[in-house]
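2 protein chains.
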Amino acid sequence: MSGEFTRIARFLAHFDAPRAPAGPGDDCAVIAPPRGELCVTTDSVVEGVHFTRAHFRPEDIGHKALAVNVSDLAAMGASPAWFVCALSLPGDFTDRALSGLARGMSALAREVGIPLVGGNMTSARELSLTLTAAGHVPRGAALLRSDGRPGDVLYVSGTLGEAALGLRLLTRGRASGEPPRRHLVRAAVERQRRPRPQVALGLLARRFARAALDISDGFAQDLSHLCQASRVGARVRVESLPIGHTVRMLVPTAGRRARRGTTAATLRPLDEATRLALAGGEDYELLLAVPPARCRRFEAACLRAGLPVTRVGELVAGTGLTLLDASGRPLPVPRGFDHFARPRI
Amino acid sequence: MSGEFTRIARFLAHFDAPRAPAGPGDDCAVIAPPRGELCVTTDSVVEGVHFTRAHFRPEDIGHKALAVNVSDLAAMGASPAWFVCALSLPGDFTDRALSGLARGMSALAREVGIPLVGGNMTSARELSLTLTAAGHVPRGAALLRSDGRPGDVLYVSGTLGEAALGLRLLTRGRASGEPPRRHLVRAAVERQRRPRPQVALGLLARRFARAALDISDGFAQDLSHLCQASRVGARVRVESLPIGHTVRMLVPTAGRRARRGTTAATLRPLDEATRLALAGGEDYELLLAVPPARCRRFEAACLRAGLPVTRVGELVAGTGLTLLDASGRPLPVPRGFDHFARPRI
């Protein structure tokens, strides 16, 4: 492994030079002020918690570390502006692996147009990356969690449950198979390894939505966060959830197998595919609360932009999340991810 | 240990609420734009690299994590504006320890007037904190490393070598003793555990200095960084270095002992106290390059403000750092800290 300053130079070589007044190499990056307000987020990905080196290539790790941060910018309706990257590298992390990490990160950075302006590199026993990303929004235009009101219609972008399914397939050693299963498995695993931050939708939604967040801990838990922040309740029709295609195709079988030998009394009222969509987490889709009067225009704009969103319920007066089945009967609400409640991988 | 969201709430309770439009709790913090430019830095402190829990109380760790970041702001001449904090916590890190960490960090945050606007908490095997801090400078006023010119006079603030001595005393189990040694030991250890970022000096120096950086990897190595960035060389008179009082008092003895039994040929030309001052690192003092015409006013301003600085040499045309003894003869240049060259603690 090469020395600290050589490693930093090699890592930086993969990135476009920022147009900031002063980029990496000084005590601080110097950045021109935004016109509006600055949205800032920081998020870590840690070996053994958010990824394992057995299941993620260095490119995936670099991509994911940036994606989870940019997803937070998207959830505010912010346009990506810059990021800094702190790397903690164990002794067995090779120069080649570091290049892979940089490639994955820089490819996404280029795609969403966010320059790396600075960082830090330190030795550590476990591999982790902590990025801080900033975006710009016009003054007062940021999509907060706390601005939802009763009556707002809830939309979720893309599909749910696939990233969690991908993780399950990886950790249970079921991430292979013959066609046609193979391409479904690959798609689910790709959702886990390479989440896609919904930047374009965030920018579009800023014109219509009142509140938003990104789904990282699981739809149900993140929606509860929005409800708490907005001091409202929510009602969601489970059959309207956009459960991912790979989940629909791959999970029912696993579900049926798991239930063999169980009695009727132990059957869970939520099927496994729905549970993954509600509580799986790491979807990095956006959850949006749109006032009813703006829904038609919002849906039309999403359609024109080719950004799929699904109406899943609405905010209501009161507190808490109510899940309803096709007949309007309440269903139990599964818990999402808690970093200190149970191990992730 | 309590759950993730309880822990976050407990941690945040130690900090003053920021005056930002939206602080912790949303996907991003929303921050009003600065008038001038934004200086941004990110720095990690990692267990086993920057601290051990055997030698640092949680309060010290929280303080140090923020101090090293604020020191980077000071080195740019920036006024501290906001920071975000990403915590990676192992399973055995108690709620009580987390409160201690928050107390140490929030005390320094209050002292330098920098609000916590957001963060992240994740589980991990080893304890680490990655902070990103931002400060404001008027447009074009940031003190860069790259603006030094031949002829500029080099100043260093405070004293050197004490933090490295403190670390040595801690790791060698020599961090106790009877008076009068005890208070010297405590002072050195305090420099290691609780570095003081030189914010006031940075703000003052912005009016006089051309280039600056903070001393984290060791005076000699950090000065070399300034020289490389400015494409100049430097000449430093070793006898003018402000070696810390505790180093002068405690190290000569250790130095004499270590030399017993060695032959004249193996004697190092730099004595141990000087070596600590030149290469020890973690001083978090500022190194400043001031044009000769402004030196008298700069020194007078520092004197009035009660901020000690010492003239140690000058930038010269060419490359590289030359160390001179009292007779003007060159001395060897020791190496500073490299994260991937050798273990720290």
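Chains as they are written, first to last, in this note's numbering: chain A, 6 to 350; chain B, 6 to 350. Note that CB positions come from ideal geometry on N, CA and C, so glycine has one too. Here the structure is a predicted model, which means the values were calculated and not measured.
Inset, instruction - Give a yes or no on whether 8 Å exceeds the smallest Cβ distance from E131(B) to chain D. - result: Of the protein chains in the structure, A and B, none is chain D.
Inset, instruction - Taking only beta carbons into account, state which residues of the stretch 34-51 of chain B come closer than 9 Å to chain A, listed in chain order. - result: Of all residues in the stretch 34-51 of chain B, only A34, V35, I36, A37, P38, P39, R40, G41, E42, L43, C44, V45, T46, T47, D48, S49, V50, V51 come within less than 9 Å of chain A when Cβ atoms are compared, listed by chain position.
Inset, instruction - Check distances from the C-beta atoms of the stretch 110-131 of chain B to those of chain A and list, in chain order, the residues that come in under 9 Å. - result: V122, G123, G124, N125, M126, T127, S128, A129, R130, E131
Legend entry - the stretch 274-289 of chain A / the stretch 248-257 of chain A touching (three or more Cβ pairs under 8 Å): yes
Inset, instruction - Please confirm whether Q226(A) and E290(A) have their CB atoms less than 8 Å apart. - result: Taking the first residue of the first sequence as 1, we reach residue 226(A) at position 221. Taking the first residue of the first sequence as 1, we reach residue 290(A) at position 285. Not in contact: Q226(A) and E290(A) (Cβ atoms no closer than 8 Å).
Legend entry - Touch test, the stretch 122-135 of chain A against the stretch 81-97 of chain A, Cβ-Cβ under 8 Å, three pairs minimum: yes
Inset, instruction - Please check if any C-beta of chain A sits within less than 8 Å of the C-beta of D31(B). - result: Here residue 31(B) is taken as the residue at index 26 of the second sequence, counted from 1. Output row for D31(B): interface = yes.
Inset, instruction - Flag this pair as touching only if the stretch 52-72 of chain A and the stretch 156-168 of chain A have three or more C-beta atom pairs under 8 Å; answer yes or no. - result: Result no; under three Cβ-Cβ pairs closer than 8 Å.
Inset, instruction - Measuring alpha carbon to alpha carbon, tell me which of T164(A), A147(A), R186(A), R198(A) ends up nearest G171(A). - result: As a first step, residue 171(A) is located in the first sequence; it is residue number 166 there, counting from the start. Per the C-alpha coordinates, the member of T164(A), A147(A), R186(A), R198(A) positioned closest to G171(A) is R198(A).
Inset, instruction - Using a Cβ-Cβ cut-off of 8 Å, state whether D21(B) counts as contacting chain A. - result: In the second sequence, the residue the question calls residue 21(B) occupies position 16. Taking Cβ atoms only, chain A never reaches closer than 8 Å to D21(B), which makes this a no.
Inset, instruction - Please report how far the alpha carbon of R173(B) lies from the alpha carbon of R299(B), in whole angstroms. - result: As a first step, residue 173(B) is located in the second sequence; it is residue number 168 there, counting from the start. As a first step, residue 299(B) is located in the second sequence; it is residue number 294 there, counting from the start. Using only the alpha carbons, I get a separation of about 38 Å.
Legend entry - Distance between beta carbons of R236(A) and L329(A), contact taken as under 8 Å: To locate residue 329(A), count along the first sequence from 1; it is residue 324. To locate residue 236(A), count along the first sequence from 1; it is residue 231. That pair is no contact at about 22 Å.
Inset, instruction - Tell me where the alpha helix (DSSP H) around E116(B) begins and ends. - result: For this step, residue 116(B) is matched to residue 111 along the second sequence. 100-117 is the span of the alpha helix (DSSP H), which, as asked, contains E116(B).
Inset, instruction - May I ask which residues mark the beginning and end of the alpha helix (DSSP H) holding G238(A)? - result: Working through the first sequence from its first residue, we reach residue 238(A) at position 233. First-last for G238(A): 238-242, but that is the beta strand (DSSP E), not the alpha helix (DSSP H).
Inset, instruction - Would you mind stating whether M81(A) and L148(A) have Cβ atoms separated by less than 8 Å? - result: On the first sequence, residue 81(A) is found 76 positions in, with the first residue counted as 1. On the first sequence, residue 148(A) is found 143 positions in, with the first residue counted as 1. In this structure, L148(A) lies closer than 8 Å to M81(A) by Cβ.
Legend entry - 8 Å Cβ cutoff met for A305(B) and G207(B): On the second sequence, position 300 is the one that residue 305(B) refers to. On the second sequence, position 202 is the one that residue 207(B) refers to. In this structure, G207(B) does not lie closer than 8 Å to A305(B) by Cβ.
Legend entry - Reduced DSSP secondary structure (H/G/I, E/B, other) of A18(A): The count along the first sequence starts at 1 and reaches residue 18(A) at position 13. DSSP places A18(A) in coil when its eight states are reduced to three.
Inset, instruction - Reducing DSSP to helix, strand and coil, say where L218(B) ends up. - result: Along the second sequence, read from residue 1 onward, the residue named residue 218(B) stands at position 213. It is a strand residue.
Legend entry - N125(A) - partner residues in DSSP beta bridges: Taking the first residue of the first sequence as position 1, residue 125(A) is located at position 120. BP columns for N125(A) point to A91(A).
Legend entry - Residues from the stretch 53-69 of chain B in contact with chain A, defined by Cβ distance under 8 Å: Within the stretch 53-69 of chain B, the residues whose Cβ lies closer than 8 Å to some Cβ of chain A are G53, V54, H55, listed in chain order.
Inset, instruction - For C44(A), write down the residues that DSSP places opposite it in a beta bridge. - result: As a first step, residue 44(A) is located in the first sequence; it is residue number 39 there, counting from the start. Per DSSP, G140(A), V35(B).
Legend entry - chain A contact residues for V314(B), given Cβ-Cβ distances below 8 Å: The residue you call residue 314(B) lines up with position 309 of the second sequence. Ordered by position in chain A, no residue passes the 8 Å Cβ test against V314(B), which lies about 18 Å from the chain.
Inset, instruction - Along the beta strand (DSSP E) that carries L71(A), what are the first and last residues, could you check? - result: On the first sequence, position 66 is the one that residue 71(A) refers to. No beta strand (DSSP E) holds L71(A); the alpha helix (DSSP H) holding it covers 63-81.
Legend entry - Contacts that R299(A) makes with chain B (C-beta to C-beta distance below 8 Å): Against the first sequence, residue 299(A) aligns to sequence position 294. By Cβ distance, chain B contributes nothing, its closest Cβ being about 21 Å from R299(A), past 8 Å.
Inset, instruction - Inspect the beta-carbon positions of C33(A) and V45(B) and report whether they are closer than 8 Å. - result: As a working note, residue 33(A) is residue 28 in the first sequence. As a working note, residue 45(B) is residue 40 in the second sequence. Closer than 8 Å, so yes.
Inset, instruction - For L172(B), name the three-state secondary structure that DSSP assigns. - result: One-based indexing of the second sequence puts residue 172(B) at position 167. In this structure, L172(B) counts as helix in the three-state DSSP scheme.
Inset, instruction - State the start and end residues of the unbroken alpha helix (DSSP H) segment that holds E277(B). - result: To locate residue 277(B), count along the second sequence from 1; it is residue 272. Secondary structure note for E277(B): its alpha helix (DSSP H) is the uninterrupted segment 277-284.
Inset, instruction - Check whether the stretch 53-65 of chain B touches the stretch 104-117 of chain B, taking contact to mean three or more Cβ pairs, one atom from each stretch, closer than 8 Å. - result: Contact between the stretch 53-65 of chain B and the stretch 104-117 of chain B is present, because at least three Cβ pairs lie under 8 Å.
Legend entry - Alpha carbon of P184(B) to alpha carbon of V89(B), nearest angstrom: In the second sequence, residue 184(B) corresponds to position 179, counting from 1. In the second sequence, residue 89(B) corresponds to position 84, counting from 1. For P184(B) and V89(B), the distance between alpha carbons rounds to 41 Å.
Inset, instruction - Please compile the residues from chain A whose C-beta is within a distance smaller than 9 Å of the C-beta of S93(B). - result: Translated into the one-based positions of the second sequence, residue 93(B) becomes position 88. Neighbours of S93(B) on chain A, chain order: S49, V51, V54, S93, E131, S133, T135.
Inset, instruction - Please confirm whether V295(A) and A169(A) have their CB atoms less than 8 Å apart. - result: Stepping through the first sequence from its first residue, residue 295(A) is reached at position 290. Stepping through the first sequence from its first residue, residue 169(A) is reached at position 164. No.
Inset, instruction - Counting only the same chain and skipping the five closest in sequence on each side, list residues whose C-beta sits under 6 Å from that of G76(A). - result: Here residue 76(A) refers to the residue found at position 71 of the first sequence. Just to set this straight, residue 76(A) is Ser in the shown sequence, not Gly. P202, D219, Y289.
Legend entry - CB contact flag (L132(B), F16(B), <8 Å): As a position in the second sequence, residue 132(B) is number 127, starting the count at 1. As a position in the second sequence, residue 16(B) is number 11, starting the count at 1. No.
Legend entry - From T47(A), A79(A), T99(A), F20(A), residue whose alpha carbon lies closest to that of E9(A): If you number the first sequence from 1, residue 9(A) lands on position 4. Comparing Cα-Cα distances from E9(A) to each of T47(A), A79(A), T99(A), F20(A), the minimum goes to T99(A).
Inset, instruction - Please determine, among P23(A), S181(A), V122(A), G53(A), the residue with the shortest C-alpha to C-alpha distance to T47(B). - result: Residue mapping note: residue 47(B) aligns to position 42 of the second sequence, counting from 1. That would be V122(A), whose Cα lies nearest to the Cα of T47(B).
Inset, instruction - Report the residues of the stretch 77-88 of chain A with a CB closer than 9 Å to any CB of chain B, ordered along the chain. - result: D77, L78, A79, A80, M81, A83, W87
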